[in-house]
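Numbering (UniProt numbering), first residue to last: 1 to 105. Don't be surprised by glycine CBs; every beta carbon is placed ideally from N, CA and C.
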Amino acid sequence: ISRVHEQEIRELQSLAARDTTPENREFFKNELASAIRDIRAEYDQITNVNRTDMESWYRLKVQEIQTQSARQNIEHGYAKEEVKRLRTQLTDLRGKLSDLEGRVS
């Protein structure tokens, strides 16, 4: 097994020595540039999908907050009207109480 292994190593070393020609370097340079372009295109696609997803999520959250704010403003208006009504009722009841106390005395 050791001899076979050593023979394979020698063959690989001779192949590696032959692959240093300018043509091979140019070929691998072009292959590397192509791989980088492919990776960049895939990255850009993923980035665009993520951006679109985030923009959709952001718009949804803004819409939810606006709806919630409008609902709270309406509820606040109702609460103010209720407080105003109760104050008027309290003033009326105090007036009636004063009248009744005046009659009793």
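I need the DSSP call for residue i, collapsed to helix, strand or coil.
i: residue 52; result: helix
i: residue 88; result: helix
i: residue 21; result: coil
i: residue 105; result: coil
Take residue i and list the residues in its own chain whose beta-carbon comes closer than 7 angstroms to its own, dropping the five residues that flank it on each side.
i: residue 102; result: none
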